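Student: Residue numbers (this note's numbering), protein chains in the order written: chain A, 10 to 255; chain B, 10 to 255.
Take this structure, written in structure tokens, and hold onto it; I'll ask about it next.
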């Protein structure tokens, strides 16, 4: 019998240096809204997304002629083509395009995880496809929650808990990590009525204040797509998940 | 009506710099075992405890004639008088003494919080006394979980959740912090049978491997004492909680 692989959950990009496991898959999680938006963009045919950290880099990319998504504290930047709402990334606007992307929390998370064996973008939108992929890799997995300004957040934790639950149910994974157990227990509490539980999430209130909370339900919809964005060199592209490769 | 004060929970000393609130009370939480041991030492009449970060400082203090508590990964250091078990700090050994103390996680947590308005030592052992004190201070409060090697741990989180629950019930506190809400939900799940829930905690297994898990039940016993250790300059001493001061 195959040895079980390990699941860990990291609650903030600042904590990631404590999770030393270069052979692991890192799954970046920023449910409200960066990773949900990125998955949507790939479902709608974007060619590449280039994550950058600073707004200065994003602005410079715009001047070089790139399409740019740039958001801080939920708000689209004046020089940018897109903010952080998945609804911005329609097929008409993104198909075949290369987009430079900078967000409050999400792109920092991608950056700190870049040395892992695989860096994948996770969302409810590609849940089952991502879960199936991970099960087939026979590697440890670390869910890296983007959080909020380096702090813990609930919505990313719930996703990690849901995924951990499913991976353990597959029989190929186990965990000795307190963060993972906490995530699973929180998801267990929330899952009976996820939308009701999300009422308590601080980010929902932040989005509501800016009239940006129209995305909550969409960002918590399972399996809208099979696409899995993966980091290659310095950009994200769609993983080839044809049966041959799995 | 008095404005409600805010509760936050910080899951790791590494994250504490993101909680900027110098007017707040910081409560250091390292249930297994540093803060439980420190509270026990004060209940048993220790005069002062001097937290130091490194083992080198601890060893140098021993050479200067101090009594020294020094532990890493659960194990007492060879030059030290004490490890990290609350059962070490008996009245016979500690009454009237000054003890230099260095642990894997706890003393680092005290260090990063040192600029807060008050730095208090929290444990189940002084739960109600600490809760009463905090309610009377009319300040925000941050529970700083020592965690395990800069990572999240469950046992400190459960304590923070129990305390947050009680503070909100007092009517004087509220929270908008996802960490606090998660802590409360986890404690809500665990509290029906705390000892059973603790079976899943990684630190329990670490202690068990070293035959040090005899302290689990004691460290989760409410209200053994009213004493509250407080940081003054560079040492911990017992807070004067006489009714006049409250």
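We treat Cβ as the ideally placed atom computed from N, Cα and C, and that holds for glycine.
Please read these numbers as outputs of a predicted model, since none were measured by experiment.
Quick check on residue 171 of chain B: does DSSP put it in helix, strand or coil?
Tutor: helix
Student: Using a cut-off of 7 Å between C-beta atoms, extract the partners of residue 158 of chain B located in chain A.
Tutor: 27
Student: Output, in sequence order along the chain, the residues in the stretch 194 to 212 of chain B whose CB is closer than 7 Å to any CB in chain A.
Tutor: 194, 195, 198, 209, 210, 211
Student: Report yes or no: is there a C-beta of chain B within less than 8 Å of the C-beta of residue 254 of chain A?
Tutor: The predicted position of residue 254 of chain A is uncertain, since its pLDDT is 47 and thus under 50; no value can be drawn from it.
Student: Using a 10 Å radius around the Cβ and a threshold of 16 neighbouring Cβ atoms, would you call residue 34 of chain A buried or exposed?
Tutor: By the 10 Å Cβ count, residue 34 of chain A comes out buried.
Student: Would you decide whether residue 185 of chain B is buried or exposed? Buried here means 16 or more other CB atoms lie within 10 Å of its CB.
Tutor: exposed
Student: Does residue 23 of chain A come out as helix, strand or coil in the three-state DSSP assignment?
Tutor: helix
Student: Is the beta carbon of residue 72 of chain A sitting closer than 8 Å to the one on residue 111 of chain A?
Tutor: no
Student: I need the straight-line Cα distance from residue 43 of chain A to residue 142 of chain B, nearest angstrom please.
Tutor: 42 Å
Student: Just checking, does the stretch 185 to 197 of chain B make contact with the stretch 209 to 225 of chain B on the three C-beta pairs under 8 Å criterion?
Tutor: no
Student: Taking the alpha-carbon positions, what's the residue 255 of chain A to residue 145 of chain A distance?
Tutor: Unreliable positioning characterises residue 255 of chain A in this predicted model, as indicated by a pLDDT of 42, which lies under 50. The coordinate reading is nonetheless provided below. Their Cα atoms are separated by approximately 7 Å.
Student: Can you check which of these residues, A:178, A:218, A:197, A:126, is closest to residue 32 of chain A by C-alpha distance?
Tutor: Checking every option, the nearest Cα to that of residue 32 of chain A belongs to A:126.
Student: Do three or more CB pairs link the stretch 13 to 23 of chain A to the stretch 200 to 213 of chain A at distances below 8 Å?
Tutor: no
Student: Do you know offhand how far residue 103 of chain B's Cα is from residue 236 of chain B's?
Tutor: 15 Å
Student: Please classify residue 47 of chain B: does DSSP put it in a helix, a strand, or coil?
Tutor: helix
Student: Starting from the N-terminal side, write out each stretch of the alpha helix (DSSP H) that is 4 residues or longer and does not extend beyond the stretch 47 to 89 of chain A.
Tutor: Complete alpha helix (DSSP H) runs here, min 4: 64 to 72.
Student: Determine, using beta carbons only, whether residue 116 of chain A comes closer than 8 Å to chain B.
Tutor: no
Student: Please name the residue, chosen from B:15, B:117, B:167, that lies closest to residue 59 of chain B on a Cα-to-Cα basis.
Tutor: B:117
Student: Alpha carbon to alpha carbon, how far is residue 140 of chain B from residue 231 of chain B? Give it in angstroms, no decimals.
Tutor: Rounded to whole angstroms, residue 231 of chain B to residue 140 of chain B spans 12 Å at the Cα level.
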